[in-house]
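S.K.: Sending over a structure as C-alpha cells; questions will come in a sec.
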Amino acid sequence: MENSDLFWNASLTEMKNGYFEDQHSYTCLLCSERIDKGIVYPDGNTLYEAERYMRLHIENEHHSVFDYLIGMEKRLTGLTDHQNQLLRLFYEGKGDKEVQHEMGIGSVSTVRHHRFALKEKERQAKIFLTMMELLKEKDDHTPAFIPPHKTAKMIDDRYAITEAEQQEILKKFLPDGMSGGLTKFPPKEKQRLVVIREIANSIDSQTTYSEKELNELLKEIHDDYVLIRRYLIEYGFLDRTADGSEYWLKN
C-alpha cells in the first residue's frame, strides 16, 4: 500500500521495466517487493545479481509488466474491453487474420483499422504526456495531489486531495496517529477516504486475517469496527472470501 505513489510517479522507462532503482535497492512497482543491491540471489541452481533477480521476480510473480498493466481496471488504463482484447492478442504476436478469426471481427481490414486507431491513441498520449511535463516546469501553483490507490473502485472528486489537506485531516481525526485511534468518524467522504487509507496502510499486506482477527485490529482504532471494515472494502482496500471468513489487503 505504501508504495502506490512509487507506481504512479514512475517514469515511462521505470514503468516499462516494472521496477524502481535507488542507491541501495530495486523495488517492484507492481507489488512493492524490494531486492537489495550487492547480494547474490539463488533461484534453483542459478545465482543472480540483484537487477536480474528483480526481472526474474516480475516474470515469476506477474508474468510480465504488460500482463499486469493490461489487467488493471479500465478506468485506470482508459481502454475499452474491445481495445483491451485487441492489445492482448497483438502482444501474443497474433497476425491480423488470427485476430480477426479469434474476435469474430468482420474482416482483416477491420483489424488493421483498429491497429491504426490504437496508434493514434499512442500519438495522442505522447503529446499529452509531453504537455503535462512542460506544464510542471511552468506551473508554480499546481497543488501536490495524493495519487489514488491502485485498487480504488471508482475515482471521483473525493480523490482530489492535496498533501496539505491530507495532513490537516489526519491531524484532526488521528492526532496521535494510529496508536491513539480516531477521535470520531469523519462526516465527509473526502475525510473518510484519507482516514480509511491511513488505516489500510497500517494493515499488514502479507497477512490473511480471520474476521475475528481483523475486528480486533480495527477495534483498537474505532469502536464501530464494522463501519471501518465496510469502508475498507467499499474503497477497494480490502478483499474477502465469499463467506466473509477471511480478509486481506488488495494489491
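In short: position in the sequence shown from 1, add 1074, done, that's the working numbering. We put the CB at the ideal spot given by N, CA and C, even for glycine. Just so you know, these numbers come straight off a predicted model, no measurement behind them.
Give me whichever residues DSSP pairs with T1236 in a beta bridge.
M.R.: For the purposes of this step, residue 1236 is taken as residue 162 along the sequence shown, with counting starting at 1. According to DSSP, T1236 bridges with F1219.
S.K.: Taking buried to mean at least 16 other C-beta atoms within 10 Å of its own C-beta, is N1091 buried or exposed?
M.R.: By 1-based counting over the sequence shown, the position of residue 1091 is 17. When all chains shown are included, N1091 counts as buried.
S.K.: Starting from the C-beta of G1255, find all residues in its chain whose C-beta is less than 7 angstroms away, skip the five residues before and the five after it, and write them out in chain order.
M.R.: Reading the sequence shown from its first residue, position 181 is the one you call residue 1255. Excluding the 5 residues flanking it on each side, G1255 has same chain C-beta neighbours closer than 7 angstroms at E1294, I1295 and H1296, in chain order.
S.K.: In three-state terms, what does DSSP make of F1081?
M.R.: Indexing the sequence shown from 1 puts residue 1081 at position 7. F1081 falls in the helix class under three-state DSSP.
S.K.: Which partner residues of T1151 appear in the DSSP bridge assignment?
M.R.: Translated into the one-based positions of the sequence shown, residue 1151 becomes position 77. Per DSSP, T1151 has no beta bridge partner at all.
S.K.: Does the segment 1199 to 1212 come close enough to the segment 1181 to 1188 that 3 or more CB-CB pairs lie under 8 angstroms?
M.R.: no
S.K.: According to DSSP, which residues form a beta bridge with Y1122?
M.R.: Looking up residue 1122 in the sequence shown gives position 48. Per DSSP, Y1115.
S.K.: For E1176 and L1153, what's the separation of their Cα atoms in angstroms?
M.R.: Stepping through the sequence shown from its first residue, residue 1176 is reached at position 102. Stepping through the sequence shown from its first residue, residue 1153 is reached at position 79. Taking the straight line from one Cα to the other gives about 19 angstroms.
S.K.: Is E1290 buried or exposed, if buried means 16 or more other CB atoms sit within 10 Å of its CB?
M.R.: Mapped onto the sequence shown, residue 1290 falls at position 216. Label assigned to E1290: exposed.
S.K.: Could you please give me the residues that DSSP links to Y1093 through a beta bridge?
M.R.: Locating residue 1093 in the sequence shown gives position 19, where the first residue counts as 1. Per DSSP, C1102.
S.K.: Expressed to the nearest angstrom, what Euclidean distance is found between the alpha-carbon atoms of D1110 and Y1093?
M.R.: Locating residue 1110 in the sequence shown gives position 36, where the first residue counts as 1. Locating residue 1093 in the sequence shown gives position 19, where the first residue counts as 1. In a straight line, the C-alpha of D1110 is about 13 angstroms away from that of Y1093.
S.K.: If we ignore side chains and look at the alpha-carbon of each, how far apart do D1155 and I1144 end up?
M.R.: The residue given as residue 1155 occupies position 81 in the sequence shown. The residue given as residue 1144 occupies position 70 in the sequence shown. Approximately 10 angstroms between the Cα atoms of the pair.
S.K.: Can you check whether the CB of I1270 is closer than 8 angstroms to the CB of Y1299?
M.R.: Translated into the one-based positions of the sequence shown, residue 1299 becomes position 225. Translated into the one-based positions of the sequence shown, residue 1270 becomes position 196. Going by C-beta atoms, Y1299 is not nearer than 8 angstroms to I1270.
S.K.: Around the Cβ of R1149, are there at least 16 other Cβ atoms within 10 angstroms (buried) or fewer (exposed)?
M.R.: Walking along the sequence shown from the start, residue 1149 turns up at place 75. That one is exposed.
S.K.: Quick check on L1137: buried or exposed, where buried means 16 or more other Cβ atoms within 10 Å of its Cβ?
M.R.: As a first step, residue 1137 is located in the sequence shown; it is residue number 63 there, counting from the start. In the sequence as presented, Leu is not what sits at residue 1137; that position holds His. Exposed, because fewer than 16 other Cβ atoms sit within 10 Å of the Cβ of H1137.
S.K.: What are the partner residues of E1294, as DSSP defines its beta bridges?
M.R.: Working through the sequence shown from its first residue, we reach residue 1294 at position 220. Looking at the DSSP assignment, E1294 forms no beta bridge with any residue, so it has no partner.
S.K.: I need the DSSP call for S1276, collapsed to helix, strand or coil.
M.R.: For this step, residue 1276 is matched to residue 202 along the sequence shown. Correct three-state label for S1276: coil.
S.K.: Taking only the alpha-carbon atoms, compute the straight-line gap between M1128 and M1146 and give it to the nearest angstrom.
M.R.: Taking the first residue of the sequence shown as position 1, residue 1128 is located at position 54. Taking the first residue of the sequence shown as position 1, residue 1146 is located at position 72. Each residue's alpha carbon lies about 21 angstroms from the other.
S.K.: Find out if the Cβ-Cβ distance for the pair K1258, R1232 is shorter than 8 angstroms.
M.R.: Residue mapping note: residue 1258 aligns to position 184 of the sequence shown, counting from 1. Residue mapping note: residue 1232 aligns to position 158 of the sequence shown, counting from 1. No; because the gap between Cβ atoms is not below 8 angstroms, this pair is not in contact.
S.K.: Just to confirm the assignment, what range does the beta strand (DSSP E) spanning Y1321 have?
M.R.: The residue labelled residue 1321 in the question sits at position 247 within the sequence shown. E1320 to L1323 is the extent of the beta strand (DSSP E) around Y1321.
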